[in-house]
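Respectively, the protein sequence lines represent chains H and R. Residue 72 is where the first sequence starts when you use this note's numbering, and the numbers rise one by one after that. Residue 72 is where the second sequence starts when you use this note's numbering, and the numbers rise one by one after that. Note that CB positions come from ideal geometry on N, CA and C, so glycine has one too. All of these numbers come straight from a predicted model, not from anything done at the bench.
2 protein chains.
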Amino acid sequence: MTKPKLQIALDQNSLAEAVAIAHKAGPIVDIVEVGTILALQAGQTAIETLSTMFPNKIIVADAKCADAGKTVAQNAKHAGADYLTVIDSATLATMLAAKAVMPNIQVELYSAWTYDLARQWIKNGIDQVIYHQSRDALLAGETWGNRDLTVVENLIDMGFRVSVTGGLTVETIPLFAGLPIETMIAGRAITGQNNPGKVAEEFQTVLTQEWG
Amino acid sequence: MTKPKLQIALDQNSLAEAVAIAHKAGPIVDIVEVGTILALQAGQTAIETLSTMFPNKIIVADAKCADAGKTVAQNAKHAGADYLTVIDSATLATMLAAKAVMPNIQVELYSAWTYDLARQWIKNGIDQVIYHQSRDALLAGETWGNRDLTVVENLIDMGFRVSVTGGLTVETIPLFAGLPIETMIAGRAITGQNNPGKVAEEFQTVLTQEWG
């Protein structure tokens with residue numbers, strides 16, 4: 072089974088902090104994400120800086136686009152992003168407008184989606200989703216469990232390339248072993264450490280062990 | 072019936088353009104919105120600049136917050152925003168985390184919400200919503216109609232302060248006459264004109280005529 076890619080979510084409040092972390096962990100991960108918090112703080116400069124630092128890595132603009140799909144995708148692409156996230160409650164028209172500019176769009180699954188909606192997406196060629204525990208759900212004490220794994224498996228069976236995120240750690244990612252996960256997205260488990268490069272390496276080691 | 076407030080949505084690709092428009096139309100409107108496109112392009116500097124330009128106006132950060140409610144709200148507040156938008160598919164936990172920091176949160180109604188969900192919001196003190204035609208729906212040829220008016224009326228009856236947006240013009244706002252709309256949000260109908268100040272004045276004149 073193909074090893075999931077490792078994505079670092081940079082959600083710092085300043086570009087300086089994000090760059091300092093990316094400087095250490097960026098070379099080790101497969102995908103660098105300009106998180107929503109960082110994007111709202113630093114603007115397109117964040118995408119420009121990270122895509123220039125890592126010209127050979129995939130750069131994700133986590134804009135969670137809800138509207139004006141064409142413009143948001145054009146701006147993200149112009150700044151150097153390869154992937155763009157859209158929110159599950161965006162209309163199909165918005166998703167398709169974004170996808171026409173940026174073929175790799177990823178739908179963020181929050182509390183809006185249904186399997187009916189997901190079937191509509193895949194029928195329209197929108198085949199990447201991000202399943203997650205929201206940060207606020209995690210703060211409220213929720214954790215990954217069998218219910219999540221079942222949903223992820225269902226989405227994979229429907230034909231989606233599924234990425235997962237939300238409080239993932241070196242300890243929790245083996246939960247998904249046996250599932251062809253597209254990407255493991257880690258935020259503070261890497262960025263919140265004294266040595267983010269070392270933790271990123273530990274993630275890659277576990278991914279190779281479990282999926283290699 | 073109280074006259075709806077007039078909000079200008081600044082959704083330019085650069086802060087320079089947005090500021091030039093705000094310089095003309097800002098003094099005439101009641102609320103200045105840092106739109107999502109502008110926020111993603113220019114970052115928090117956009118909020119800082121516009122809130123410093125218009126210290127006595129309400130400043131809306133249209134972040135369409137989907138997660139990390141506390142952090143997004145703190146950052147927007149710190150930059151000078153008074154109101155924050157959240158997306159309809161955000162979890163209740165996220166909305167409440169944002170509201171704890173920024174009491175004026177406004178839920179953007181895209182394709183995710185249901186009346187059941189809306190009842191849950193209002194029960195939890197989240198009483199402002201923004202009803203709209205998405206930009207992409209408008210591009211696909213949809214327009215305002217009776218179906219929209221009915222939904223807006225239902226939401227008002229439930230106790231929401233309802234703002235409306237999406238392709239509103241001086242010609243279309245009288246459609247809502249008779250309804251206690253909280254705010255009329257206009258984007259390109261004002262910002263796309265040669266004289267945005269004059270068009271903003273025309274909006275205010277019609278609002279006074281219809282609701283005065």
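Cβ of residue i within 8 Å of Cβ of residue j?
{"i": "alanine 271(H)", "j": "isoleucine 261(H)", "result": "yes"}
{"i": "asparagine 127(H)", "j": "aspartate 153(H)", "result": "no"}
{"i": "alanine 117(H)", "j": "alanine 89(H)", "result": "yes"}
{"i": "isoleucine 193(H)", "j": "phenylalanine 231(H)", "result": "yes"}
{"i": "serine 160(H)", "j": "serine 182(R)", "result": "yes"}
{"i": "leucine 121(H)", "j": "valine 100(H)", "result": "no"}
{"i": "alanine 134(R)", "j": "threonine 156(R)", "result": "yes"}
{"i": "tryptophan 215(R)", "j": "glutamine 204(R)", "result": "yes"}
On a Cα-Cα basis, can you pick out the residue from the options that is closest to residue i?
{"i": "aspartate 187(H)", "options": "Lys170(H), Met229(H), Gly151(H)", "result": "Met229(H)"}
{"i": "alanine 93(R)", "options": "Ala137(R), Glu273(R), Gly258(R)", "result": "Gly258(R)"}
{"i": "glutamate 213(H)", "options": "Gly238(H), Gln177(H), Val233(H)", "result": "Gly238(H)"}
{"i": "isoleucine 79(H)", "options": "Asp198(H), Met72(H), Pro98(H), His149(H)", "result": "Pro98(H)"}
{"i": "leucine 209(R)", "options": "Leu77(H), Leu155(H), Thr165(H), Leu209(H)", "result": "Thr165(H)"}
{"i": "leucine 226(H)", "options": "Phe274(H), Ile197(H), Gly140(H)", "result": "Ile197(H)"}
{"i": "leucine 81(R)", "options": "Lys74(R), Leu111(R), Thr73(R)", "result": "Leu111(R)"}
{"i": "isoleucine 102(H)", "options": "Glu253(H), Gly216(H), Thr276(H)", "result": "Glu253(H)"}
{"i": "proline 251(R)", "options": "Asp133(R), Gln83(R), Leu86(R), Glu281(R)", "result": "Glu281(R)"}
{"i": "glutamate 242(R)", "options": "Lys269(R), Phe274(R), Val172(R)", "result": "Phe274(R)"}
{"i": "valine 172(R)", "options": "Asn146(R), Ser85(R), Gln115(R)", "result": "Asn146(R)"}
{"i": "lysine 76(R)", "options": "Ile129(R), Lys269(R), Val143(R)", "result": "Ile129(R)"}
{"i": "asparagine 266(R)", "options": "Met72(R), Ala91(R), Lys74(R), Thr73(R)", "result": "Ala91(R)"}
Between the alpha carbons of residue i and residue j, how many angstroms are there, rounded?
{"i": "glutamine 177(R)", "j": "valine 131(H)", "result": "27 Å"}
{"i": "aspartate 138(H)", "j": "threonine 107(R)", "result": "9 Å"}
{"i": "threonine 221(H)", "j": "alanine 211(R)", "result": "36 Å"}
{"i": "histidine 149(H)", "j": "leucine 109(H)", "result": "18 Å"}
{"i": "alanine 113(H)", "j": "glycine 263(H)", "result": "19 Å"}
{"i": "glycine 283(H)", "j": "asparagine 195(R)", "result": "47 Å"}
{"i": "threonine 279(R)", "j": "alanine 87(R)", "result": "31 Å"}
{"i": "methionine 124(H)", "j": "threonine 185(H)", "result": "38 Å"}
{"i": "valine 277(H)", "j": "isoleucine 244(R)", "result": "58 Å"}
{"i": "glutamate 119(H)", "j": "cysteine 136(H)", "result": "18 Å"}
{"i": "methionine 72(H)", "j": "serine 85(H)", "result": "37 Å"}
{"i": "lysine 269(R)", "j": "glutamine 115(R)", "result": "28 Å"}
List the residues that DSSP assigns as beta-bridge partners of residue i.
{"i": "leucine 81(R)", "result": "Val105(R)"}
{"i": "alanine 257(R)", "result": "Ile79(R)"}
{"i": "glutamate 179(H)", "result": "Ile158(H), Ile201(H)"}
{"i": "serine 234(H)", "result": "Ile201(H), Thr254(H)"}
Here's a check: name, in chain order, each residue in its chain whose Cβ is nearer than 7 Å to the Cβ of residue i, leaving out the five neighbours to either side.
{"i": "alanine 168(R)", "result": "Gly140, Lys141"}
So, at 8 Å on beta carbons, what are the nonlocal neighbours of residue i in its own chain, with the 5 sequence-adjacent residues on each side left out?
{"i": "tyrosine 202(H)", "result": "Leu180, Asp219, Val222, Val223, Leu226, Val233, Ser234, Val235, Thr236"}
{"i": "arginine 190(R)", "result": "Met229"}
{"i": "leucine 246(R)", "result": "Trp215, Leu220"}
{"i": "glycine 151(R)", "result": "Ile118, Glu119, Leu121, Ser122, Thr123, Ile130"}
{"i": "isoleucine 158(H)", "result": "Lys135, Cys136, Ala137, Val178, Glu179, Tyr181, Ala183"}
{"i": "threonine 240(H)", "result": "Ala257, Ala260"}
Please list, in chain order, all residues of the same chain as residue i whose beta carbon is under 6 Å from its beta carbon, the five residues on each side excluded.
{"i": "glutamine 83(H)", "result": "Ala89, Leu109"}
{"i": "lysine 170(H)", "result": "Ile176"}
{"i": "valine 143(H)", "result": "Ala134, Cys136"}
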